[in-house]
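In this note's numbering, the protein residues as written are 784 to 840.
A virtual CB, placed ideally from N, CA and C, is assigned to each residue, including glycine.
Only a predicted model underlies this, so the values are computations on that prediction, with no experimental measurement involved.
One structure is given below, encoded as structure tokens.
Encoded structure:
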């Protein structure tokens, strides 16, 4: 399983390969000009997932 975080178009992208060897990606934060960052946390269980967004400096 490959995991990496890359910076693309002023966003942090989390990429990984799943158990079927398919590349999956998710945007985990956006950058803005005033120094604020929106962080997105994606947590999942077997049957559901939850997305939480927070602002950080």
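Residues bridged to residue i (per DSSP)
| i | result |
| --- | --- |
| residue 796 | 789, 810 |
| residue 833 | 826 |
Other residues of its chain near residue i: CB distance less than 7 angstroms, five sequence neighbours each side excluded
| i | result |
| --- | --- |
| residue 810 | 794, 796, 823 |
| residue 833 | 826 |
Residues of its chain near residue i, where Cβ-Cβ distance is below 6 angstroms and the 5 sequence neighbours each way are ignored
| i | result |
| --- | --- |
| residue 787 | 798 |
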